[in-house]
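Mapping of the sequence shown onto UniProt numbering: residues 1 to 130, in sequence order.
Built from N, CA and C at the ideal position, the CB exists for glycine as well.
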Amino acid sequence: MRVDSIINKNFHIINVNDTIDKALELMHDLNINGMPVVDDSETLVGMIVKADIYRFMIHPGHYVSCPVEWVMSKSVILSQSDEDIITVAKRLRKNDIVAMPVVNNDKIVGVITIDDILDYFLGKNEDNDD
């Protein structure tokens with residue numbers, strides 16, 4: 001099965017110039033741990049997660065008013081929309097991440113999480129409940 005059949009297409013992005021405070025507020029309000037970061041032309045340029053923000057904030061001189069760009073991961077691990085779910089699950093596990101953007105022709109079309117994959121397999125096997 002292709003990953004685009006289970007991705008969350010109702011995803012949220014944040015601009016590279018937005019503040020860390022805005023990122024934390026969005027993540028709290030949306031009950032998510034991270035989100036793709038885009039530039040002004042909505043091109044994917046990074047990924048930001050709560051854990052990275054908290055590590056950043058430990059250091060003196062780092063404030064929530066700093067831009068997302070200072071904290072985001074610039075090497076984004078992503079999935080193509082037509083990839084197999086197992087392939088994507090292995091990539092998440094290998095890289096020890098819980099979510100990744102899904103792209104089609106370099107445009108973000110969704111986000112896939114460990115939870116999405118787990119829900120897929122649990123739903124697929126719900127007839128086998130103990």
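Valine 103 and valine 3 have their C-alpha atoms roughly 11 Å apart. Per DSSP, the unbroken beta strand (DSSP E) holding leucine 44 starts and ends at 44-49. Taking a cut-off of 8 Å for Cβ pairs, the region 79-92 and the region 46-61 do not touch, as fewer than three such pairs fall below it. Rounded to whole angstroms, arginine 91 and isoleucine 114 show a C-alpha spacing of 11 Å. The residue from Lys94, Val64, Val111 and Asn95 with its alpha-carbon nearest to that of lysine 9 is Val111. For lysine 22, the uninterrupted alpha helix (DSSP H) run begins and ends at 20-30, by DSSP. Fully contained in the UniProt domain "CBS" (72-128) are the following alpha helix (DSSP H) runs of length 4 or more, in chain order: 85-94 and 114-124.
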